[in-house]
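Have a look at the structure below, then the notes.
2 protein chains.
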Amino acid sequence: MLSTFEVLSSAVRRDIIAQLRRGPSSVSDLNEALGISQPVVSKHLRVLRDTGFVRVRPEGQRRWYELRTEPFREVDQWLEPYRWMWEDRLDRLGRHLDAQREENQS
Amino acid sequence: MLSTFEVLSSAVRRDIIAQLRRGPSSVSDLNEALGISQPVVSKHLRVLRDTGFVRVRPEGQRRWYELRTEPFREVDQWLEPYRWMWEDRLDRLGRHLDAQREENQS
DNA sequence: ACGATATATTTCGACAAGGGTATATTCGTT
DNA sequence: AACGAATATACCCTTGTCGAAATATATCGT
Chain W
1 MLSTFEVLSS AVRRDIIAQL RRGPSSVSDL NEALGISQPV VSKHLRVLRD TGFVRVRPEG
61 QRRWYELRTE PFREVDQWLE PYRWMWEDRL DRLGRHLDAQ REENQS
Chain E
107 MLSTFEVLSS AVRRDIIAQL RRGPSSVSDL NEALGISQPV VSKHLRVLRD TGFVRVRPEG
167 QRRWYELRTE PFREVDQWLE PYRWMWEDRL DRLGRHLDAQ REENQS
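Chains as they are written, first to last, in this note's numbering: chain W, 1 to 106; chain E, 107 to 212.
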């Protein structure tokens, strides 16, 4: 099972994700919109599904894939302790210093 | 040259980055703090340097590595068009719908 | 200049990811 | 039941990454 960042390390998968931002798509939709062969699309969607990036809703012979939010939240949370470095908000800096203190105590 | 997400896909590199969050470190610092062999540390730092995650400041025989902000901003910007999905702020949703309209026009 | 310490690079082998092609499965239609 | 469309999986091959070990480079102290 790949980690969240491993999933995002593939440009093809990021393209699929970006396309799904426009709304749910079937495999053939993605195949045509992105010019990626059907088996490759299916394989990547399998990875995206296993890692929680998408969920699938079968409707007849079509399978509609749509984005889920958890992995994005995860990236956002990972980013959190680094934000003080470039966001010049005083409260961020303050919270960072507090967190620093906590870490150094343990 | 690896892309930003490819760099972050390595758990070892994320560990190095997290350690550098505490402040600048030398190779041997990272070697001891993380239990990673010296050549491996150097090699990952090379990658992190080539991709803008860190910069190096030589001081005698030591080389101090410290974080740079650009790649983090990049991740933050990549995340931006997905934020409306889980952040329930009305302005985010509004801006998202505006952006949607723009995209569909082109 | 020499030895020691700190860091960088090279080489190698193991391993896994990615895509192409072929094939299997599933479901609707007739 | 048979066929066709949509999707999933299996297999193969190529390629790139990772870490280990060995070696090279740089800088300081003497």
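By construction, the Cβ of each residue, glycine as well, lies at the ideal position given by its N, Cα and C atoms. Predicted model, so just to flag it, every value in this text is computed and none were measured.
Between the C-alpha atoms of E/P164 and E/V113 there is a straight-line separation of about 23 Å. Under the three-pair Cβ rule at 8 Å, the segment 70–84 of chain W counts as touching the segment 174–189 of chain E. Residues of chain E whose Cβ lies closer than 9 Å to the Cβ of W/W64 do not exist, since the nearest Cβ in that chain is about 17 Å away. Beyond the five residues adjoining it in sequence on each side, E/P177 comes within less than 6 Å, by CB distance, of T110, G158, F159 in the same chain, given in chain order.
Non-local C-beta neighbours of E/V147 in its own chain, meaning closer than 6 Å and more than five positions away in sequence, comprise V133, L136, N137, ordered along the chain. The criterion of a C-beta distance shorter than 8 Å is satisfied by E/T175 and W/W86.
Among the CB atoms of chain W, one or more fall inside 8 Å of the CB of E/S115. In terms of CA proximity to E/N210, W/R21 leads the group W/V56, W/R21, W/K43. E/V181 belongs to the set of residues whose beta carbon lies under 8 Å from a beta carbon in chain W. A distance below 8 Å separates the beta carbons of W/V47 and W/L2.
W/E66 carries a strand assignment under DSSP once its states are collapsed to helix, strand and coil.
Taking 8 Å as the cut-off, the Cβ atoms of E/S131 and W/S9 do not count as close. A buried status is given to E/R119, since no fewer than 16 other beta-carbon atoms sit within 10 Å of its beta-carbon. W/L97 sits exposed, since fewer than 16 C-beta atoms from the chains shown fall within 10 Å of its C-beta. In the structure shown, the three-state DSSP call for E/R163 is strand.
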